[in-house]
Amino acid sequence: QTVLPALLAATEPSTLRLEGGTHNPAAPPFDFLARAYLPILRKLGPTVTATLERPGFFPAGGGKFHVDVRPAPMKPLSLLERGRVLRRDAKAVVAMIPFDVAKREMETAGALLKWRPDELRVEELKRTTGPGNALVVEVE
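Numbering (my numbering), first residue to last: 12 to 151.
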């Protein structure tokens, strides 16, 4: 996020290749970047995409992703009113820890959110360098 303003003001496209933690308790996870932050930037004009190659959980890290930035003139954006809800999705993911952890997280999240079962998912990630888990909740 810190280098994007400079890259958005550039005259040529850029590609960032990043390695480290993609899911870290002290920073926004990759999912936030790709599915919340970048879509808002795209509404401003530039084309910015992020692709996750491998997740990396704190403290082991080892995650890999790349970001492609195509600058464009910035357009105004107004976010004064909340739109209607189009989609809801909650996902509990685990890597190198018991799958039951994800199930319990999702049972708790489902009970608190009062969402339908088809809006709740659990997933086991295989391509990681260390153990970890994350709970990702999206409302579009």
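Cβ atoms here follow ideal geometry from the backbone N, Cα and C, with glycine treated the same way.
In this structure, residue 81 keeps its C-beta atom at 7 Å or more from the C-beta atom of residue 16. Here residue 108 is near residue 142, since their CB atoms are less than 7 Å apart. Just so you know, the alpha carbons of residue 102 and residue 68 end up roughly 16 Å apart. Each residue's CA atom was taken as its position, placing residue 131 and residue 95 some 20 Å apart. Residue burial annotation: residue 44 is buried, with at least 16 other C-beta atoms found within 10 angstroms of its C-beta. With respect to the 7 Å criterion, residue 149 and residue 111 are not classified as neighbours on the basis of their beta carbons. The closest CA to that of residue 34, considering only 19, 50, 73, is found on 73.
The beta carbon of residue 138 sits closer than 6 Å to those of 65, all from its chain and outside the five residues before and after it, given in chain order. Excluding residues up to 5 positions away in sequence, nothing lies with its Cβ nearer than 7 Å to the Cβ of residue 87 in the same chain. Residue pairing for residue 101: DSSP places it in a beta bridge opposite 131, 148. For residue 114 and residue 22, the gap between their C-alpha atoms comes out near 47 Å. Counting every other CB atom within 10 Å of its CB across the protein chains shown gives residue 117 a total of 16 or more, marking it as buried. In the three-state reduction of the DSSP assignment, residue 43 falls in the helix class, which pools H, G and I.
Its Cα nearest to that of residue 27, the residue 78 stands out among 49, 78, 55.
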